[in-house]
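Chains as they are written, first to last, in my numbering: chain A, 9 to 305; chain B, 18 to 232.
We treat Cβ as the ideally placed atom computed from N, Cα and C, and that holds for glycine.
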């Protein structure tokens, strides 16, 4: 018997029971909520925010050169994944970030978020989609004239959230990143690690579908790096937000990521679970990265 | 003589503060447009930027004494006569707007480019970026710019005195120069030096107090 969405509703006697079943079999809360509400309107959605990078190609030109920064790369990032993208400088990481953060358009290919082609968005839709992406930068980029609270509130202010809601949400985030003591400090009074915590809280403020971290620890010492990575792991455990870390630091990927994509000369040369890829590397670049890492230890 | 100097001082303060106010009202938006309309700005509009920049450069390249005289017909149209305190204000505002616009432009250029990029990725509109990032982040620089403008205008206002613009410059010319009253000349200089010192230290104090980059 084929179960059409309309019929399906009749087979769901109690969404509370269903929610428990889904949660038990390991579906995430966010997905469950969305799935259940989709039954009500008949769209019958089971899945998550899936990001699909599809044949993404980008090149830059100057007077007489054409630099192919991204060469036909494809990958699927599932909801709730913790992905590391690693490559040495010039591998195309920054270009990939500019595409993922929707500030540059590719020459060819596209990125899908579920069934939305991100590069077909314009005007208000594009702004709305950008608000669904949280980005953490290597250089923090905080408002120097605003305190921690106001910095985290910034993305919420942009969508005109009311003051009480902002206060509630920001206080939540401040304690999530462990900066309760520093809520009214200005960036100049913070250490690098504390600044990055503010930046992470700010990126999470609008409950993004994706937390994109661009070299989040490359400006930090090893101990601070460890604490920031621990924080990211904790956030991932608590909120199950999809996290993508783009970095040149192998140790970062090894420590926190479940899956890794290795980039070289604008291509994805390896893609697999961290244990698999690092135990039996196939591509020369992965081997090279690993050998340098061992050399350092 | 005391009354004369008091009146001159009040006139100069009036001329300088009014023309600074209007120059800011005119120059701030122009400086913002010069910034956001650039090719790599947050709302690129290259022709607009080129045109605005051209006008700014044209006005700035005219020596101020000549600008005052060239503006006589315009000044008469606005305030009814081409001499006196109000006439000076008109000429000073026209001369100072492009100056303020360039100062605003360079103040905004100091804002961390990465922060602007970050705001874009957060889905901020160009207007939101101007208000919440560019202007907020450059508050100390903008306050210092006000003192720089005022001090420049103290000098310009004195030049307007050459053509009967009122204020201390006018007094220095009429009494100090034409009537050989050296004491008047010296006193106007002393008053202007004090004025400039006070403006400079007052605004520096405010700018430093408001600058959150000072721990």
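Item	Value
Local conformation of residue 90 (chain A) per DSSP, three classes	strand
Among A:275, A:266, A:274 and A:272, nearest to residue 286 (chain A) - alpha-carbon criterion	A:266
Residue 119 (chain A) versus residue 91 (chain A) - alpha carbon distance	16 Å
Three-state class that DSSP yields for residue 131 (chain A) in the structure shown	helix
Simplified DSSP assignment, three categories, for residue 68 (chain A)	strand
Proximal chain B residues relative to residue 66 (chain A), where beta-carbon distance stays under 9 Å	Near residue 66 (chain A) there are no residues of chain B at all, since even the closest Cβ is about 17 Å away, more than 9 Å.
Residue 95 (chain A) burial status per 10 Å Cβ neighbour count (16 or more: buried)	buried
Cutoff 6 Å; reference residue 51 (chain A); Cβ partners in own chain excluding five residues on either side	With a pLDDT of 48 at residue 51 (chain A), under the threshold of 50, the predicted position of this residue should be treated as unreliable, though the coordinate-derived value follows. So no residue of the chain qualifies.
Beta-carbon proximity list for residue 63 (chain B), same chain, < 6 Å, skipping 5 on both sides	56
CA-to-CA distance, residue 138 (chain A) to residue 386 (chain A), given in whole angstroms	Because chain A in this structure spans residues 9 to 305, residue 386 (chain A) falls outside the shown range and cannot be described.
Residue from A:71, A:204, A:141 and A:189 whose Cα sits closest to the Cα of residue 57 (chain A)	A:141
Contact with chain B by residue 296 (chain A), beta-carbon distance below 8 Å	no
Enclosing beta strand (DSSP E) for residue 142 (chain A) [first to last residue]	141 to 144
Length of the line joining the Cα atoms of residue 177 (chain A) and residue 52 (chain B)	34 Å
Beta-bridge pairing of residue 85 (chain A) - partner residues as DSSP gives them	A:59
Residue 144 (chain B): first and last residue of the uninterrupted alpha helix (DSSP H) it sits in	143 to 146
Within-8 Å CB hit, residue 224 (chain A) to chain B	no
Residue 18 (chain B), buried or exposed, once every other Cβ within 10 Å from all chains shown has been counted against 16	exposed
Neighbourhood of residue 163 (chain A) by C-beta distance below 6 Å, restricted to the same chain and skipping five residues each side	213 and 214
Cβ distance (whole Å) where residue 250 (chain A) is taken to contact residue 85 (chain A) below 8 Å	6 Å
Per-residue contacts from residue 153 (chain B) into chain A (C-beta, under 8 Å)	151, 153 and 154
Unbroken beta strand (DSSP E) run spanning residue 267 (chain A), endpoints	267 to 272
Through-space distance from residue 169 (chain A) to residue 146 (chain B), alpha-carbon basis	17 Å
Contact under 8 Å by Cβ, residue 122 (chain B) with residue 152 (chain A)	no
Residues that residue 104 (chain A) contacts on chain B, provided the C-beta gap is smaller than 8 Å	Neighbours of residue 104 (chain A) on chain B: none; closest Cβ ~14 Å, over 8 Å.
Interface partners of residue 134 (chain B) on chain A, CB under 7 Å	111
Alpha-carbon to alpha-carbon, residue 128 (chain A) and residue 306 (chain A)	No statement about residue 306 (chain A) is possible, as the shown extent of chain A runs from 9 to 305 and does not include it.
Helix, strand or coil at residue 116 (chain A) according to DSSP, with G and I counted as helix	strand
Collapsed DSSP secondary structure at residue 197 (chain A) in the structure displayed	helix
Counted within 10 angstroms of its Cβ, other Cβ atoms place residue 136 (chain B) as buried (16 or more) or exposed	buried
Exposure of residue 283 (chain A), with buried meaning 16 or more beta-carbon neighbours within 10 Å	exposed
Chain A residues whose Cβ lies nearer than 9 Å to that of residue 28 (chain B)	Result: empty, since nearest Cβ-Cβ is about 37 Å, beyond 9 Å.
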